[in-house]
């Protein structure tokens with residue numbers, strides 16, 4: 028239903044008052060597709076372009092190149108099609124408005140409904156996100172973090188959008204509350220047949236929710252495909268390192284101990300060849316010289332010269 | 374004798390509506406070279422407890438304990454001068470935000486060397502050599518270059534390495550870390566946790582790691598203390614607690630983790646919200662959210678009991694199958 032083709036976004040960056048601006052490639056040739064009722068997870072660390080991608084999808088920014096399509100027609104973001112839920116429910120709700128007014132606001136702006144009809148809709152959506160109707164007169168500070176995120180979700184869904192972009196929706200919440208909100212997102216995705224774009228650094232959350240996933244590094248897709256396929260056997264060294272680095276509270280043996288060396292290189296001046304080569308334990312001469320193209324391997328797309336090299340395969 | 378022994382620690386603050394008891398009746402022991410992870414959600418009292426051990430709470434905080442003893446020294450009677458000798462010397466702390474813990478106006482080198490001159494009593498040139506060694510120990514590839522840098526010129530992961538270098542500068546016997554990797558990306562987090570574990574084994578330093586992430590504790594600590602609403606609810610070996618949690622809160626927290634819900638459409642969850650401390654629920658503080666709670670739980674605060682796998686503050690703990 029929602030499709031992105033070869034999306035790119037560059038920002039001009041000045042590195043000094045008298046120096047010419049250089050282009051920072053925040054997003055470079057990323058494509059994806061997500062169907063109604065499905066979840067696409069966008070995974071990566073700071074600077075990988077995942078926030079840029081979610082800003083393009085939600086229409087907060089325009090792509091420098093590439094196209095966004097909905098039902099194969101060019102897509103112009105509008106509040107009735109796409110909505111967002113942000114990470115921080117403390118910063119994203121106006122403290123001077125009541126919960127009811129916050130949830131009704133999209134209706135007030137984008138529809139011609141009168142106050143009575145709006146009130147009915149607000150009650151209906153509050154019930155669906157697990158908030159008692161009498162809470163509508165309270166202000167944001169009177170709610171817990173989890174309840175505030177429910178308000179944010181209610182507000183995002185009240186116009187019945189087809190696409191919901193959730194940018195780290197639970198990472199600011201207490202652990203015991205996270206699963207409540209994740210369950211809610213799954214239920215609402217199924218009920219409203221939402222195309223859900225989940226941006227997250229938490230691979231355990233992604234594994235739980237995602238149908239397909241897109242792993243990004245320095246603005247490029249490094250591995251993408253069905254989440255179950257990738258989690259069962261990640262092929263890109265970056266995906267493998269992410270999985271191996273995620274702390275896990277399960278008893279028993281650890282997954283492979285794969286570590287990346289060093290730190291993220293500058294996005295303004297990215298390394299030649301494969302962007303990961305300076306940190307990758309498997310990098311060879313070719314990785315330094317030649318940028319890997321995306322190829323299909325074993326049911327997913329992967330951009331790595333050595334993805335099918337049995338010498339570096341992960342132990343089973 | 375334990376390196377650090379805490380019995381019945383209580384921390385109170387005054388606020389506009391009266392007393393707020395942030396921590397109540399906390400017991401804690403750690404031996405040399407051990408690693409203890411303290412897990413809890415917001416308001417559980419985990420960070421405040423660390424600050425009390427370090428003596429960093431504001432004067433408005435009332436800290437009381439039957440015992441608060443580090444290496445034979447009674448920390449409740451410590452004067453300011455003696456406290457300054459211990460902090461940064463035998464006992465050191467790493468904070469969550471390396472960017473705000475370092476002084477932005479001075480170079481990395483200045484800040485490490487200052488610590489060394491103050492605590493180790495060595496001269497400028499020797500301190501500089503030692504600072505270079507320390508940065509190499511924490512895995513900074515060009516230490517001489519890093520010494521000349523200001524904090525804003527380094528990444529979050531690099532700054533956290535610098536903080537760790539400063540913390541271990543005087544070979545502490547106890548290292549306290551409050552969410553040391555929460556602000557970092559996962560691949561960098563893994564590097565920092567590996568570093569802390571390596572230092573612990575190489576230098577025999579005891580580590581208390583405070584975090585909301587049970588996964589981090591599972592990867593770095595041998596023992597785990599679970600805190601909730603100002604109290605310790607369960608303490609035991611990490612592997613035992615992961616497999617046989619006795620307290621319903623520990624069990625619920627583990628069940629709610631996505632990595633323990635693989636293949637399920639809906640995840641297990643703990644209903645309700647974290648308990649308030651003004652005032653805390655009577656009886657067991659977890660009772661309002663607990664599926665096992667009975668009348669007794671809502672009336673009578675439970676004491677710590679031994680369940681065979683852990684020590685647990687619960688009237689009706691889960692018992693390991695076969696042991697009951």
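Residue numbers (this note's numbering), protein chains in the order written: chain A, 28 to 343; chain B, 374 to 697.
All residues carry an ideal CB built from backbone N, CA and C; glycine is no exception.
Rounded Cβ spacing between residue i and residue j (contact assumed at less than 8 Å)
| i | j | result |
| --- | --- | --- |
| residue 122 of chain A | residue 175 of chain A | With a Cβ gap of about 11 Å, residue 122 of chain A and residue 175 of chain A do not count as contacting. |
| residue 418 of chain B | residue 451 of chain B | Contact doesn't hold; Cβ gap of about 21 Å is too wide. |
| residue 754 of chain B | residue 587 of chain B | Not covered by the structure: residue 754 of chain B. The range shown for chain B is 374 to 697. |
| residue 544 of chain B | residue 564 of chain B | Not confirmed; about 22 Å, so no contact. |
| residue 606 of chain B | residue 600 of chain B | 7 Å |
| residue 474 of chain B | residue 536 of chain B | 6 Å |
| residue 629 of chain B | residue 213 of chain A | Between residue 213 of chain A and residue 629 of chain B the Cβ distance is about 14 Å, and since that is not below 8 Å, they are no contact. |
| residue 538 of chain B | residue 507 of chain B | 4 Å |
| residue 238 of chain A | residue 66 of chain A | 5 Å |
Nearest candidate by alpha-carbon position, reference residue i, set the options
| i | options | result |
| --- | --- | --- |
| residue 91 of chain A | A:48, A:291, A:53 | A:53 |
| residue 380 of chain B | B:631, B:402, B:466, B:545 | B:402 |
| residue 604 of chain B | B:378, B:650, B:580 | B:650 |
| residue 632 of chain B | A:84, A:67, A:270 | A:270 |
| residue 82 of chain A | A:225, A:200, A:98, A:177 | A:225 |
| residue 189 of chain A | A:30, A:51, A:110, A:284 | A:110 |
| residue 56 of chain A | A:79, A:215, A:292, A:86 | A:79 |
| residue 446 of chain B | B:375, B:383, B:475 | B:375 |
| residue 395 of chain B | B:448, B:648, B:672, B:678 | B:648 |
| residue 161 of chain A | A:150, A:120, A:310 | A:150 |
| residue 471 of chain B | B:569, B:682, B:525 | B:525 |
| residue 671 of chain B | B:584, B:378, B:655, B:469 | B:655 |
| residue 467 of chain B | B:540, B:527, B:617, B:572 | B:540 |
| residue 346 of chain A | A:167, A:95, A:297, A:142 | The question about residue 346 of chain A has no answer, for chain A in this structure spans 28 to 343. |
| residue 612 of chain B | B:383, B:409, B:377 | B:409 |
| residue 32 of chain A | A:93, A:253, A:308 | A:93 |
| residue 182 of chain A | A:199, A:339, A:154, A:198 | A:154 |
| residue 300 of chain A | A:289, A:287, A:140, A:320 | A:320 |
| residue 442 of chain B | B:659, B:459, B:469 | B:459 |
| residue 420 of chain B | B:377, B:682, B:551 | B:551 |
Burial state of residue i, where buried means 16 or more other Cβ atoms lie within 10 Å
| i | result |
| --- | --- |
| residue 6 of chain A | A query on residue 6 of chain A cannot be resolved here, the shown segment of chain A reaching from 28 to 343 and no further. |
| residue 392 of chain B | exposed |
| residue 453 of chain B | exposed |
| residue 484 of chain B | buried |
| residue 560 of chain B | buried |
| residue 164 of chain A | exposed |
| residue 276 of chain A | buried |
| residue 101 of chain A | exposed |
| residue 173 of chain A | buried |
| residue 45 of chain A | exposed |
| residue 414 of chain B | buried |
| residue 433 of chain B | exposed |
| residue 184 of chain A | buried |
| residue 688 of chain B | buried |
| residue 478 of chain B | exposed |
| residue 640 of chain B | buried |
| residue 609 of chain B | buried |
As assigned by DSSP and simplified to three states, the class of residue i
| i | result |
| --- | --- |
| residue 697 of chain B | In this prediction, residue 697 of chain B scores a pLDDT of 42, lower than 50, which makes its location untrustworthy; the coordinate-derived value is nonetheless stated afterwards. Of the three classes helix, strand and coil, the one that applies to residue 697 of chain B here is coil, per DSSP. |
| residue 420 of chain B | helix |
| residue 173 of chain A | helix |
| residue 28 of chain A | coil |
| residue 64 of chain A | coil |
| residue 522 of chain B | coil |
| residue 600 of chain B | strand |
| residue 358 of chain B | Absent from the model: residue 358 of chain B. The displayed extent of chain B is 374 to 697, so no value can be given. |
| residue 40 of chain A | strand |
| residue 158 of chain A | coil |
| residue 569 of chain B | helix |
| residue 517 of chain B | helix |
| residue 286 of chain A | coil |
| residue 331 of chain A | coil |
| residue 584 of chain B | strand |
| residue 590 of chain B | helix |
| residue 399 of chain B | strand |
| residue 385 of chain B | strand |
Contact test: residue i Cβ vs the ligand SAM heavy atom, cutoff 7 Å
| i | result |
| --- | --- |
| residue 264 of chain A | Within the structure as shown, the ligand SAM is missing, as the structure has no ligands at all. |
> At what residue ranges does the region 73-155 of chain A contain a whole run of the beta strand (DSSP E), taking only runs of 3 or more?
Replying inline: 92-97, 109-112
| query | Which full runs of the beta strand (DSSP E) of 3+ residues lie inside the region 613-693 of chain B, going along the chain? | reply | 677-679, 683-686
Which runs of the alpha helix (DSSP H) spanning at least 4 residues fall entirely within the region 204-266 of chain A, listed in chain order?
230-236, 254-259
Inset, instruction - Quick one: which unbroken alpha helix (DSSP H) runs of 4-plus residues sit fully inside the region 422-505 of chain B? Chain order, please. - result: 453-459, 471-474, 481-493
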